[in-house]
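>
Numbering (UniProt numbering), first residue to last: 1 to 397.
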């Protein structure tokens, strides 16, 4: 080995041959190999990642253009790098190696995650983290263990690792999230959602929300929406009077948008009561997601089961009536009016309850406000519906 080879940065070496990358490609695990080396590995029938030994849920190899560019830059500079940049690369590579190693104590890994958290805030270091495949690595660290219960130490580690994941996600391809398509990883997700801290639940909800933002994770988003245990936990979270319930509302919006069958399951798991409870609690909080909760409710009310659930809730109609008009803002008014239209069209009981709860006054106030033209149109339609149905009913002639 000559002097030039001795000074090859760790980041630029193929983990299989330890030689300088010629054509770096990355696996779904986030590990990068030289194309010829990994193709030989896969052609031999191996279905795992050589470094991590994870099973490959997707054998696709993707060119690592960023690393290729870095190597070309290094070669053009005569195997020299700015000392600060080289130190950064070596430092980040050492952290990655430590997190990957089973020999590293959990306490040490926690300190390493603190370092990753700081690095993710700085543009040059964040780019290095992404190039080294930290996103899939951290996802594996969080969801790679399947435990019926979460130990305190592991919960703390998973919480920190997931926080780092969310820091990197806006700058990465979301395909790495498809690790959750594996049954064992999904089970870990559910265990953390059920037994994790409030912060862990909030971060997991944010992960669910992210799956709807890219075509790369469309299948994952659909699968999560079909997972009854997940829907159950989301509804339970919305029921709780805690900060995490806001994150639960955002996740419910994502999960309720995937299919009718998901909405049926959400209703069966008590989503209607949970949403009504959340909306009522929101009246005591200046900042809340009540408008989004009402929008979810309107979406669910397309189902007969949801209408029955709302009519069975003693606060159902009155809660919607209160949200028709608010002096401070008109967020949620359109969805509240739309929900009442859906309910009142086919139910005399709903019409009577709405009128008894003061919906006529609320609608008139709304029509005199600065709300949108579309909201006013819906308000007029509801007034016309209530009037016509009231006149048609022989008991109110």
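Ideal placement from N, C-alpha and C gives every residue a C-beta, glycine not left out.
Write down every uninterrupted run of the beta strand (DSSP E) in the UniProt domain "U-box" (7-81) whose length is 3 residues or greater and which is fully enclosed by it, in chain order.
Here the runs fully enclosed are 24-26, 32-34.
> Take residue 8 and list the residues in its own chain whose beta-carbon comes closer than 6 Å to its own, dropping the five residues that flank it on each side.
Excluding residues within five positions, the ones whose Cβ falls inside 6 Å are 20.
> Give me the Cα-Cα distance between residue 298 and residue 337, rounded to the nearest whole angstrom.
Whole-angstrom Cα-Cα distance: 9 Å.
> Rounded to whole angstroms, what is the Cα-Cα separation between residue 10 and residue 194?
Cα to Cα, the separation comes out at about 40 Å.
> How big is the Cα-Cα spacing for residue 95 and residue 318?
Their backbone Cα atoms lie some 56 Å apart in a straight line.
> Counting pairs of beta carbons, one from the stretch 150-166 and one from the stretch 42-53, are three or more of them closer than 8 Å?
No contact exists between the stretch 150-166 and the stretch 42-53.
> Cα separation between residue 295 and residue 219?
Answer to the nearest angstrom: the Cα atoms are 24 Å apart.
> Just the Cα atoms here: how many angstroms apart are residue 188 and residue 143?
The alpha-carbon atoms of residue 188 and residue 143 are separated by roughly 5 Å.
> Cα-Cα, which of 208, 278, 230, 123 is closest to residue 254?
That would be 208, whose Cα lies nearest to the Cα of residue 254.
> Could you tell me whether the stretch 305-312 touches the stretch 271-286, where touching means 3 or more Cβ pairs closer than 8 Å?
Output reads yes: the stretch 271-286 touches the stretch 305-312.
> By how many angstroms is the C-alpha of residue 97 removed from the C-alpha of residue 32?
Rounded to whole angstroms, residue 32 to residue 97 spans 13 Å at the Cα level.
> Does DSSP put residue 104 in a helix, in a strand, or in coil?
If DSSP states are grouped into helix, strand and coil, residue 104 belongs with coil.
> Determine the direct distance from the alpha carbon of residue 61 to that of residue 285, and round the result to whole angstroms.
C-alpha separation (whole angstroms): 49 Å.
> Three or more C-beta pairs closer than 8 Å, one from the stretch 256-270 and one from the stretch 209-228: is that the case here?
Counting Cβ pairs under 8 Å, three or more are found: they touch.
> Tell me whether the beta-carbon of residue 164 lies closer than 8 Å to the beta-carbon of residue 88.
Result no, Cβ atoms of residue 164 and residue 88 do not sit closer than 8 Å.
> Where does residue 344 land, buried or exposed, given buried means 16+ other C-beta within 10 angstroms?
Buried.
> In three-state DSSP terms, what is residue 214?
Of the three classes helix, strand and coil, the one that applies to residue 214 here is coil, per DSSP.
> By the DSSP assignment, the alpha helix (DSSP H) with residue 143 in it spans what residues?
Residues 134-143.
> Drop a sphere of 10 angstroms on the beta-carbon of residue 346, count the other beta-carbons inside from all chains shown, and report buried for 16 or more, exposed for fewer.
Its Cβ having fewer than 16 others within 10 Å, residue 346 is exposed.
> State the DSSP-derived secondary structure class of residue 326, mapped to helix, strand or coil.
The answer is coil: DSSP assigns residue 326 none of H, G, I, E or B.
> Which whole-angstrom value is the C-beta distance of residue 126 and residue 119, which I expect to be below 8 Å?
So it is a contact: roughly 7 Å between Cβ atoms.
> Which residues bound the alpha helix (DSSP H) around residue 356?
Residues 348-356.
> For residue 358, collect the residues of the same chain with a Cβ closer than 7 Å to its Cβ; drop the 5 residues on either side in sequence, then sort them by chain order.
Excluding sequence neighbours, residue 358 sits near 321.
> How would you call residue 185, buried or exposed, if buried means at least 16 neighbouring beta carbons within 10 angstroms?
Label assigned to residue 185: buried.
> Distance, Cα to Cα, residue 370 vs residue 325?
Rounded to the nearest angstrom, the two C-alpha atoms are 11 Å apart.
> Would you identify the three-state DSSP class for residue 302, choosing helix, strand or coil?
If DSSP states are grouped into helix, strand and coil, residue 302 belongs with coil.
> Verify whether the separation of the beta carbon atoms of residue 179 and residue 138 is less than 8 Å.
No, they are not a contact pair.
> Assuming residue 400 contacts residue 37 under a Cβ cut-off of 8 Å, what Cβ separation, rounded to an integer in Å, is found between them?
In the structure as shown, the chain starts at 1 and stops at 397, and residue 400 therefore has no counterpart that could be examined.
> Return the CA-CA distance between residue 241 and residue 279, expressed in angstroms with no decimal places.
Answer to the nearest angstrom: the Cα atoms are 11 Å apart.
> Which first and last residues belong to the alpha helix (DSSP H) in which residue 165 is found?
It spans 152-168 - the alpha helix (DSSP H) in which residue 165 sits, taken as one unbroken run.
> Got a sec? Which residues, its chain only, sit under 6 Å from residue 252 by beta carbon, not counting five neighbours each side?
Around residue 252: 234, 296.
> Count the other CB atoms within 10 Å of the CB of residue 65; is the residue buried (16 or more) or exposed (fewer)?
So residue 65 ends up on the exposed side.
> Does DSSP classify residue 115 as helix, strand or coil?
Here residue 115 sits in helix by DSSP.
> Would you kindly work out how many angstroms separate the C-alpha atoms of residue 452 and residue 107, rounded to a whole number?
Because the chain here runs from 1 to 397, residue 452 falls outside it and cannot be looked at.
> Give the single residue among 99, 22, 351, 28 whose Cα lies nearest to the Cα of residue 72.
Checked all of 99, 22, 351, 28; the closest Cα to residue 72 is 22.
> Please state the DSSP three-state secondary structure of residue 2.
Per-residue confidence for residue 2 stands at a pLDDT of 46, beneath the threshold of 50, marking its modelled position as unreliable; the derived number appears in the next sentence. Coil.
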